[in-house]
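Residue numbers (the numbering used here): 74 to 429. These notes are about the structure you will find just below.
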Amino acid sequence: MHWPGVIEHYREYLPVTEKTPVVTLLEGNTPLIFARNLSQEFEGKIQVYLKYEGLNPTGSFKDRGMTVAISCALERGAKAIMCASTGNTSASAAAYAAKSRLNCIVLIPEGAIALGKLSQALLHGAKVIAIKGNFDEALNLVKEITSKYPIALVNSLNPDRIEGQKTAAFEICDVLGTSPDYQALPVGNAGNITAYWKGYREYKEKGKTENLPRILGFQAWGAAPLVEGHPIKYPETLATAIRIGNPARGEEALKASEESGGLIEKISDEEIIKAYKILARKEGIFVEPASAISLAGIIKLYKRGYFLKSSTSVVKVVCILTGHGLKDPERAIKESSRPKIIPPTEEAVLEVAGYL
Ligand SMILES: *Cc1c(COP(=O)(O)O)cnc(C)c1O
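Quick look at the structure:
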C-alpha cells in the first residue's frame, strides 16, 4: 500500500479541510518492532514493543506535528515560522519550511544541541540563532516575538503540533489491534505525552479500541520539574532533547499520567546510557539518548515489581523511541571503545578479532 503521510491517512481526525495545502515528507507509518531479546530478559512477564520514531523523514517524531503545523500555517497565510528547540524541532521545522518555501527562524541554546540536529537545520537553510541561555529562555523569546510579529510559532504550544503527533497512538493501536497495557516515553516540553494521551482517548471514543494504556512518562534526573513539583532553573542531562526545566504542557502531562493510572518518574543519566546500549546491542536499534529513557524507565519499574500488580499475566508495553541515534554520533563514540589500530596484516587482524 502507498503511504500518503499522516494528514492524508488520518484526515478525519485532523484539523484540515479540502482547502488546506498539505505539506508532507511522507512522515509516520513507523515500525512497531517486537523486542524479542528484551522481552526474554523480563522473564516472559512483559512483551516489549518499540515504536521507532527515529525513522521519520528528519529522524524524529517531530515530523508528525510539523506536517500539520506547517500546512495549517500556510492555510492561514503565514510567510515565516519560528521555534525554540533542543534540536529536533528545528531540524523538522527547517525541512518542512524548505518544502513549503517558508522562512524559518530557530532559536537554540548555545552549545547544547546535538551535532546531527544542528547540521540538518543549517543545511535546510533555516536562520539558526544560538542564544547564551537554555531552552526555556529561548522558548520565552519565541513566544514574545511571535505574539508581536506575523511569524507563526511551531513549538508544541501550537495545538496543530499536538494534533499531528497524536497519530502515533493511532498507528500503535492499528498495528496491535488494541491499545497496549502501558506506554513509556520521554517527557521534555511535554507536548508528546499530551498528544499520545489525546490520541488514545479519541480512538477509544470512536470505538476503534476498548481500553486505554497507562502512560509512563520519564524525565532525566537533573531535568525533572514534573517529578520535583517545581521548575528547574538550570536543567542538566546528557539527553539534550529533554533538557527542559519548565515544560510548556506540564499540567497536561501530569493529567495524562494521573487519568491513565500511570506515573511520571525521573531516571539518572547512567540508567539512560545503559538502556541506550541495550537497545543497540540486543535489538539492533540505534536511538538518541533521550529516547532510551523509555526503556530505562521500564527496567527500573520492573525491578521494583511495578508490573506485578497488573491484572493480565503478560503485559504489553510500548516504548516510544523518539529520535534516531545518528542525531548524536558524538555520544555513541564517547560511550564506546575506539577501534584498535594495527598493521595491515592477516595475522594482526585475526589476533584482534580473537581468532588467534
Ligand atoms: C522533542 C523530543 C522529546 C521530548 O518531547 P516533548 O514533546 O518535548 O516532551 C524527546 N525525545 C526526542 C528525541 C525529542 O526530539
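C-beta: ideal position from N, C-alpha, C; glycine also.
Report yes if the C-beta distance between residue i and residue j is below 7 Å; otherwise report no.
i, j, result
"G132", "K400", "yes"
"E356", "A108", "yes"
"K387", "I371", "A small fix is needed here, since residue 387 is Val in this sequence, not Lys. No, they are not a contact pair."
"A369", "I393", "no"
"I154", "V227", "yes"
"E169", "I186", "Note that residue 169 corresponds to Tyr in the displayed sequence, not to Glu. Result no, Cβ atoms of Y169 and I186 do not sit closer than 7 Å."
"V79", "K172", "no"
"W270", "A353", "no"
"L147", "P223", "no"
"A296", "S367", "no"
"G323", "S364", "no"
"A164", "A194", "yes"
"L299", "A326", "yes"
"N213", "K190", "no"
"L461", "D342", "Given that the chain is displayed from residue 74 to residue 429, the structure contains no residue 461 and the question cannot be resolved."
"F359", "G398", "yes"
"I218", "F291", "no"
"L285", "K277", "yes"
"L87", "E283", "no"
"E183", "K216", "no"
"L105", "V260", "no"
"D233", "V89", "no"
"V422", "K413", "no"
"A225", "A293", "no"
Which stretch, first to last residue, makes up the beta strand (DSSP E) that contains residue i?
i, result
"K259", "A quick correction: the sequence has Pro, not Lys, at residue 259. Element bounds for P259: Y255 to P259."
"K287", "Note on residue identity: the sequence assigns Arg, not Lys, to residue 287. Where R287 is concerned, the enclosing beta strand (DSSP E) stretches over R287 to A293."
"V201", "K200 to I204"
"V95", "That residue, V95, is in no beta strand (DSSP E); it is neither H nor E in DSSP."
"K124", "I119 to Y125"
"I143", "Looking at the DSSP string, I143 is not in any beta strand (DSSP E); the run it does join, the alpha helix (DSSP H), is K135 to E148."
"L311", "Careful: L311 lies outside any beta strand (DSSP E) and carries neither H nor E."
"L105", "L105 to F107"
Verify the contact flag: residue i, CB atom, against every heavy atom of ligand 2, threshold strictly below 6 Å.
i, result
"I346", "Ligand 2 is not part of this structure, which contains only ligand 1."
Span of the alpha helix (DSSP H) holding residue i?
i, result
"Y273", "G264 to E278"
"D406", "The sequence as given places Ile at residue 406; Asp does not occur at that position. Here the alpha helix (DSSP H) through I406 covers P402 to K407."
"I436", "Because residue 436 is not part of the residues shown, which for the chain are 74 to 429, the question remains open."
"F208", "F208 to K221"
"I80", "V79 to H82"
"L429", "No alpha helix (DSSP H) holds L429; DSSP gives it neither H nor E."
"P298", "P298 to E301"
"L327", "G323 to S333"
So does the region 314-323 actually touch the region 331-341, counting three or more Cβ pairs closer than 8 Å?
no
Touching by the beta-carbon criterion (3+ pairs, under 8 Å), the region 115-129 and the region 190-204
no
Give the list of continuous beta strand (DSSP E) stretches no shorter than 3 residues that lie fully inside the region 337-400.
388-394
Whole beta strand (DSSP E) elements within the region 158-192, 3-residue minimum
176-182
Check whether the region 96-107 touches the region 237-248, taking contact to mean three or more Cβ pairs, one atom from each stretch, closer than 8 Å.
yes
Report yes or no: do the region 222-236 and the region 261-279 share at least 3 C-beta pairs separated by less than 8 Å?
yes
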